[in-house]
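Accompanying notes for the structure given below.
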Amino acid sequence: MEYVEPVVGIANCLGTLACKYLQYHRKLNDYVRNFKRMRDELNCKMEDIELQLKAELLRPLGKIPKKGVEIWLKAVKEMIREAEVVENKVSNGRYLCRACNGKLVDEKTREMKEFLDKAPNASECLAINGPGAGLPLPTSELVGEEAVRNEIWACLVQEKVSKIGVWGMGGVGKTTIMKHIHNDLLKEQRFERVIWVTISKEFNVMKVQDDIADALKLKEDWPREGDKLRRAAILSEMLKNAEKHVLILDDVWDKVSLEEVGIPEPSGSNGCKLVLTTRSEHVCKYMGCKVIKVKPLSEEEALILFLNKVGPNIVQSQTIMPTLKLVVKEFAGLPLTIIVVAGTLKGEEDPLNWKNALRELKERIEKVEGVEAKVIERLKFSFDHLKDEKVKYCFLHCALYPEDFGIEKDEIIECWIEEGFIDDMGTRQEMKDKGRVILKKLAENCLLENITNKSGQPCIKMHDAVREMALSITRMNPRHMIQAGLQLEELPEKEQWSPDIEKVSLMYNSISEISIDVLPTKCQLLTTLLLQHNPIKKISISLFTNMPCLIVLNLSSTKIKSFSKFHL
Numbered sequence: 001m002e003y004v005e006p007v008v009g010i011a012n013c014l015g016t017l018a019c020k021y022l023q024y025h026r027k028l029n030d031y032v033r034n035f036k037r038m039r040d041e042l043n044c045k046m047e048d049i050e051l052q053l054k055a056e057l058l059r060p061l062g063k064i065p066k067k068g069v070e071i072w073l074k075a076v077k078e079m080i081r082e083a084e085v086v087e088n089k090v091s092n093g094r095y096l097c098r099a100c101n102g103k104l105v106d107e108k109t110r111e112m113k114e115f116l117d118k119a120p121n122a123s124e125c126l127a128i129n130g131p132g133a134g135l136p137l138p139t140s141e142l143v144g145e146e147a148v149r150n151e152i153w154a155c156l157v158q159e160k161v162s163k164i165g166v167w168g169m170g171g172v173g174k175t176t177i178m179k180h181i182h183n184d185l186l187k188e189q190r191f192e193r194v195i196w197v198t199i200s201k202e203f204n205v206m207k208v209q210d211d212i213a214d215a216l217k218l219k220e221d222w223p224r225e226g227d228k229l230r231r232a233a234i235l236s237e238m239l240k241n242a243e244k245h246v247l248i249l250d251d252v253w254d255k256v257s258l259e260e261v262g263i264p265e266p267s268g269s270n271g272c273k274l275v276l277t278t279r280s281e282h283v284c285k286y287m288g289c290k291v292i293k294v295k296p297l298s299e300e301e302a303l304i305l306f307l308n309k310v311g312p313n314i315v316q317s318q319t320i321m322p323t324l325k326l327v328v329k330e331f332a333g334l335p336l337t338i339i340v341v342a343g344t345l346k347g348e349e350d351p352l353n354w355k356n357a358l359r360e361l362k363e364r365i366e367k368v369e370g371v372e373a374k375v376i377e378r379l380k381f382s383f384d385h386l387k388d389e390k391v392k393y394c395f396l397h398c399a400l401y402p403e404d405f406g407i408e409k410d411e412i413i414e415c416w417i418e419e420g421f422i423d424d425m426g427t428r429q430e431m432k433d434k435g436r437v438i439l440k441k442l443a444e445n446c447l448l449e450n451i452t453n454k455s456g457q458p459c460i461k462m463h464d465a466v467r468e469m470a471l472s473i474t475r476m477n478p479r480h481m482i483q484a485g486l487q488l489e490e491l492p493e494k495e496q497w498s499p500d501i502e503k504v505s506l507m508y509n510s511i512s513e514i515s516i517d518v519l520p521t522k523c524q525l526l527t528t529l530l531l532q533h534n535p536i537k538k539i540s541i542s543l544f545t546n547m548p549c550l551i552v553l554n555l556s557s558t559k560i561k562s563f564s565k566f567h568l
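Just so we're aligned, residue 1 is where the sequence shown starts under full-length UniProt numbering, counting upward by one.
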């Protein structure tokens, strides 16, 4: 009797398993139908959530999927892949495996049902606000700008002020002030998004549209090419749905049509703000802005900034200090020139050199008229005091790139090497290291700024006033033709191609063809020809036969697929 109950239990268990086995065997087709139905439902649910999530992300800026939604989507995609494996096994199964296949299909159907029951609910919102309204911008220190900074901030928090125009002469610190305010806005989280776009002298609607679209994180749905009007319509709709945001347009040279770009008119009702920096008070007034002027630093403020930059040894020198104060007066309170010249004189401990610097600055400023011309002369002081002529060539080479352009460090060093600006030092790596030393020297002299581009690559950039100074130097040499980023649709006129021209930069334009009639017959001394980022479709090989000294040729990001063989 003691063995009967266990035996009966085993028999019952085996009987249940046998019944289930027979059920899997007989009703395999039913299990397969349920499996496919559940797989299709799960797949549809996944696609619905992805579409809802996409729509959600396009409305409020800076939103990201909830963590639970991301985890569920990732797991479901893996589940659907596993379901495909199961379906393949079943379709290839033989008669003797029907019960095993039935069991496999039933188990996977139950798993998919559990995933379907745990699907995120769209009514609970699939996305949340992202980690921030934007990324902080690198800034330099501010001295004596507290009053104007507070004035701009007060306008930003007032509902009745929608457009603010910050104006002042070149080098007075407009951009630096606005960078600090941009970062403060991110910390305060008063707005859903803070968008920074640099306009530059040569206004390009398409570039501005792309920059705003990038800030809004529009990728798949943003047309990189095509009709400006259609792009403006898309951008306008996105900004209208962006809730409260601040759009900062830096370095505006002329009036901007907000409608042409696709920027909705800011107003108190939508809570959006537009801030622009410009050298022109007229631009501020034309665009209906609350006008705020950035004034030069006072003598005391200018001295504090200069002393902060020139180094502690100089500050402690009683013999240098009287001359130093007179030097600072020559800067007219402009932070840019103060910083650049301080970089040049940093560590200079000889009182005679300070007296020579004062005399030279006075002479330079007296010989020119106009505020902008005097700024350029102050900046030229620093360029002329670069001791190595090849370092000067390296600096001027950076002016071949468009205004406000981030130049990748590795790219510019390669150009310097090919141009022969860096002495042959035995190995390529040694020359690259020398290039990095030159970049460091130019940055320490404040002639170049270290930045990081959108791809995270280390770059350098010229302040627009510093680039104006560099261009003024190249204009004295007719061997340079720099027309980068000017929206040119065809090559410059033939008369501009002098026989002794050495460097030509036409990068980032809209040149689609190289006309035979415009091309010069001879460019015997041309070493550099930069045509990158132009929609050029074809180019003649014979063009290069007229350029026997050509060393650097850049045709990247053009539409050239082959070289034609037409003759000039």
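Where a beta carbon is used, it is the ideal one built from N, C-alpha and C, also for glycine.
query, result
"Rounded C-beta distance between Thr344 and Val375? I'm assuming under 8 Å.", "With 8 Å as the limit, Thr344 and Val375 do not qualify as a contact, their Cβ atoms being about 15 Å apart."
"Quick check on Ser162: does DSSP put it in helix, strand or coil?", "coil"
"With DSSP run on the structure shown, which of helix, strand or coil describes residue 588?", "Outside the shown range of the chain, which is 1 to 568, sits residue 588, and nothing can be said about it."
"Anyone know if the C-beta pair for Glu41 and Leu116 falls short of 8 Å?", "yes"
"Can you tell me whether Met425 is buried or exposed? The criterion is at least 16 other CB atoms within 10 Å of its CB, across all chains shown.", "exposed"
"Under 8 Å: do the region 478–487 and the region 443–462 share three or more Cβ pairs, one atom per stretch?", "no"
"Assign His463 to one of three DSSP states: helix, strand, or coil.", "coil"
"To the nearest angstrom, how far is the alpha carbon of Leu553 from that of Glu369?", "39 Å"
"Going by DSSP in three states, Cys155 sits in which element: helix, strand or coil?", "helix"
"Does any CB atom of chain B fall closer than 8 Å to the CB of Val256?", "Looking at the structure shown, chain B is missing, and only one protein chain is on hand."
"Would you mind stating whether Ala484 and Leu448 have Cβ atoms separated by less than 8 Å?", "no"
"If you drop the 5 nearest sequence neighbours on each side, which residues of the same chain put their C-beta closer than 8 Å to that of Ile195?", "Gly134, Ile212, Ala215, Leu216, His245, Val246, Leu247, Ile248"
"Can you give me the Cβ contacts of Gly288 inside the same chain, cut-off strictly under 8 Å, excluding the 5 residues immediately before and after it?", "Lys163"
"Alpha carbon to alpha carbon, how far is Lys66 from Val76? Give it in angstroms, no decimals.", "16 Å"
"Could you pull out every residue in the same chain whose Cβ sits closer than 7 Å to the Cβ of Met112, ignoring the five residues on either side in sequence?", "Met38, Arg39, Leu42, Met79, Ala83"
"Buried or exposed for Tyr401, going by 16 or more other Cβ atoms inside 10 Å?", "buried"
"Of all the options Leu186, Ala119, Cys398, Arg378, which has the alpha carbon lying nearest to the alpha carbon of Glu414?", "Cys398"
"If I measure Cβ to Cβ from Ala233 and keep anything under 7 Å in the same chain, skipping five residues before and after, which residues do I get?", "Gly262"
"In angstroms, rounded to a whole number, what distance separates the CA positions of Leu439 and Arg224?", "33 Å"
"Measuring only the C-alpha atoms, how far is Glu146 from Met178?", "12 Å"
"With burial defined as no fewer than 16 other Cβ atoms inside 10 Å of the residue's Cβ, what is the status of Ile71: buried or exposed?", "exposed"
"I'd like the list of long-range same chain contacts for Leu550, defined as Cβ closer than 7 Å, with 5 residues on each side in sequence excluded.", "Leu526, Thr527, Leu529, Phe544"
"What residue from Val166, Ser140, Leu137 has the CA that sits closest to Glu151's CA?", "Val166"
"Can you list, in chain order, the residues of its chain whose CB lies under 7 Å from that of Ser515, leaving out five sequence neighbours each side?", "Glu490, Leu491"
"Under the DSSP definition of a beta bridge, which residues are partnered with Asp250?", "Thr198"
"In angstroms with no decimal places, state the Cα-to-Cα distance between Lys240 and Thr175.", "26 Å"
"Please determine, among Val172, Gly311, Ala373, Pro322, the residue with the shortest C-alpha to C-alpha distance to Gly347.", "Gly311"
"Pop quiz: Ile320 and Pro351 are said to be a contact at Cβ under 8 Å. What is the actual Cβ separation, rounded to whole angstroms?", "5 Å"
"Starting from Met206 and walking both ways along the alpha helix (DSSP H), at which residues does that stretch end?", "205–215"
"Within the continuous beta strand (DSSP E) that includes Ile482, where are the two ends?", "480–482"
"Between the region 276–287 and the region 493–500, can you find at least three pairs of beta-carbon atoms closer than 8 Å?", "no"
"Could you give the residue range of the beta strand (DSSP E) that holds Ile292?", "290–293"
"Buried or exposed for Ser382, please, with buried defined as at least 16 other CB atoms from any protein chain shown within 10 angstroms of its CB.", "buried"
"Under a three-way DSSP split, which group does Ile511 fall into?", "coil"
"Check each candidate in Gly268, Tyr286, Ser91 and name the one with the smallest Cα separation from Val256.", "Tyr286"
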